[in-house]
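Quick note, my numbering runs 7 ahead of the 1-based positions in the sequence shown. Yeah, the Cβ is synthetic: ideal placement off N, Cα and C, and Gly gets one too. Everything on this sheet refers to the single structure shown next.
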Amino acid sequence: MRRFALAAAAAGLGLTMAGIALAAPWTDPGGRVTFDAPSGWSIQQERGANPSDGNTYVIVGNAANECQVKAQPNPRSAASNPGAIYRTAATSTQFDSVYWTQAAAAFPSLFSDGPATVVSHSVENTGPWPVQRAVLRSGARTVYAGLQLRPGVDLLTMCMSYEGADPVQRYDAFIRSVGHPNDATWAAQLPAAAPSQ
Numbered sequence: 008m009r010r011f012a013l014a015a016a017a018a019g020l021g022l023t024m025a026g027i028a029l030a031a032p033w034t035d036p037g038g039r040v041t042f043d044a045p046s047g048w049s050i051q052q053e054r055g056a057n058p059s060d061g062n063t064y065v066i067v068g069n070a071a072n073e074c075q076v077k078a079q080p081n082p083r084s085a086a087s088n089p090g091a092i093y094r095t096a097a098t099s100t101q102f103d104s105v106y107w108t109q110a111a112a113a114f115p116s117l118f119s120d121g122p123a124t125v126v127s128h129s130v131e132n133t134g135p136w137p138v139q140r141a142v143l144r145s146g147a148r149t150v151y152a153g154l155q156l157r158p159g160v161d162l163l164t165m166c167m168s169y170e171g172a173d174p175v176q177r178y179d180a181f182i183r184s185v186g187h188p189n190d191a192t193w194a195a196q197l198p199a200a201a202p203s204q
């Protein structure tokens with residue numbers, strides 16, 4: 008992945024290798040996000056200027072493809088029960104084109120070809136947690152995005168290609184694999200509150 012080559016050349020950027028070629032679940036040491044990286048993809052966790060701010064930012068990929076994952080604290084949802092979070096994620100209309108354009112601004116390296124335009128947005132309610140989805144464009148580049156909500160944290164993922172055809176199924180699988188280490192506990196609280204799918 009091109010990001011990794013640049014990071015290796017500039018050791019002062021504060022990037023650390025968290026693992027190479029993992030196919031098993033990866034969990035953030037800070038306990039904010041977990042995901043399954045495709046085999047052969049490398050993982051870097053970026054250390055921000057303030058590691059105690061509660062954010063986790065991970066870059067996953069290879070020379071041709073890249074996904075970036077951000078786990079951002081959401082104090083407004085911290086006291087919400089999992090069922091309320093589930094219903095918001097499954098039905099909310101707040102995740103519109105305006106939302107996705109603003110979300111893209113947090114990933115400047117993926118939208119370096121120009122400002123993001125939203126091609127489409129939808130919600131997937133087929134997995135254990137709803138996933139808000141979007142397809143965005145920056146110049147000739149297409150970015151595939153996903154958002155998942157959990158109590159107190161928003162999990163935002165964006166994937167794109169540097170070259171070759173977009174491996175859309177691989178991006179979709181990666182986005183769907185993103186979760187929170189506490190998901191099993193929260194899932195046990197869902198049956199009475201979450202809509203049946």
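**Item:** Distance, TRP48 Cα to ALA206 Cα
**Value:** The first residue shown for the chain is 8 and the last is 204, placing residue 206 beyond what the model contains.
**Prompt:** Do you know how far the Cα of SER127 is from the Cα of HIS187?
**Reply:** Indexing the sequence shown from 1 puts residue 187 at position 180. Indexing the sequence shown from 1 puts residue 127 at position 120. Linking HIS187 to SER127 through their CA atoms gives a straight-line distance of about 26 Å.
**Message:** Taking the beta strand (DSSP E) that ASP39 belongs to, which residues open and close that run?
**Reply:** The sequence position of residue 39 within the sequence shown is 32, counting from 1. The sequence as given places Arg at residue 39; Asp does not occur at that position. It is not in any beta strand (DSSP E) - ARG39 carries neither H nor E in the DSSP assignment.
**Message:** Taking its Cβ as the centre, do 16 or more other Cβ atoms sit within 10 Å of GLU170, making it buried, or is it exposed?
**Reply:** Sequence index remark: in the sequence shown, residue 170 carries index 163 (1-based). Answer is exposed; the Cβ neighbour count stays below 16.
**Item:** Nearest-angstrom Cβ-Cβ length linking PHE102 and LEU154, presumed shorter than 8 Å
**Value:** Taking the sequence shown and counting its residues from 1, one reaches residue 102 at position 95. Taking the sequence shown and counting its residues from 1, one reaches residue 154 at position 147. Taking a contact as a CB-CB distance under 8 Å, the pair PHE102 and LEU154 counts as one, their CB atoms being some 6 Å apart.
**Asked** Whose C-alpha, out of GLN139, ASN189 and ARG177, is nearest the C-alpha of GLY159?
**Response** One-based indexing of the sequence shown puts residue 159 at position 152. When each option's Cα is compared against that of GLY159, the closest is ASN189.
**Request:** Taking 9 Å as the cut-off, decide whether the C-beta atoms of MET167 and ASN72 are in contact.
**Result:** By one-based count along the sequence shown, residue 167 stands at place 160. By one-based count along the sequence shown, residue 72 stands at place 65. Going by C-beta atoms, MET167 is nearer than 9 Å to ASN72.
**Message:** For PRO45 and PHE118, I'd like the C-alpha separation in whole angstroms.
**Reply:** Translated into the one-based positions of the sequence shown, residue 45 becomes position 38. Translated into the one-based positions of the sequence shown, residue 118 becomes position 111. Distance between the alpha carbons of PRO45 and PHE118 is about 23 Å.
**Request:** Pick out whichever of ASN132, TRP107 and ASN88 has its Cα sitting closest to the Cα of THR124.
**Result:** To locate residue 124, count along the sequence shown from 1; it is residue 117. Of the candidates ASN132, TRP107 and ASN88, the one whose C-alpha sits nearest the C-alpha of THR124 is TRP107.
**Asked** Looking only at DSSP bridge pairs, what is THR133 linked to?
**Response** Here the question's residue 133 lines up with position 126 in the sequence shown. Per DSSP, none; premise fails for THR133.
**Prompt:** Expressed to the nearest angstrom, what Euclidean distance is found between the alpha-carbon atoms of ARG94 and ALA195?
**Reply:** Against the sequence shown, residue 94 aligns to sequence position 87. Against the sequence shown, residue 195 aligns to sequence position 188. Approximately 15 Å, taken between the alpha carbons.
**Request:** Excluding the 5 residues preceding and the 5 following ALA56 in the sequence, name in chain order all residues of the same chain whose CB lies nearer than 6 Å to its CB.
**Result:** Here residue 56 is taken as the residue at index 49 of the sequence shown, counted from 1. With a pLDDT of 46 at ALA56, under the threshold of 50, the modelled position of that residue is not reliable, and the figure given next carries that caveat. Counting only Cβ-Cβ distances below 6 Å, and skipping sequence neighbours, we find nothing.
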